[in-house]
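Engineer:
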Amino acid sequence: MNIMILLIGASLFIALIFLGAFIWAVRSGQYDDDYTPSMRILLDDTDATSSDIETKQSN
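Positions 2 to 60 (our numbering) are the ones given, in order, by the sequence shown.
(1) At what residues does the alpha helix (DSSP H) containing S39 begin and finish?
(2) Between the C-alpha atoms of A11 and T37, what's the straight-line distance to the nearest angstrom?
(3) Which first and last residues belong to the alpha helix (DSSP H) in which M1 is found?
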């Protein structure tokens, strides 16, 4: 029975370590989106309006 108490205590201790590591990772920005900024250059900043299109066609 003593081994059960020891194993439960060790399991809780390890779980707290992983929880602390997860909280640290979230606070330090480890889970920030790195994929979208690299794709942002491929996206248009603003939509072209009809007046912009007309001026480009007249030039």
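Glycine included, C-beta positions come from ideal geometry on N, C-alpha and C.
The structure presented is a predicted model; accordingly, all values stated were derived computationally and were not measured.
Structural biologist: Taking the definition as stated:
(1) Here residue 39 is taken as the residue at index 38 of the sequence shown, counted from 1. Residues 36 to 41.
(2) Mapped onto the sequence shown, residue 11 falls at position 10. Mapped onto the sequence shown, residue 37 falls at position 36. Roughly 40 Å separates the two Cα atoms.
(3) The chain is shown only over 2 to 60; residue 1 falls outside these bounds and no answer can be derived.
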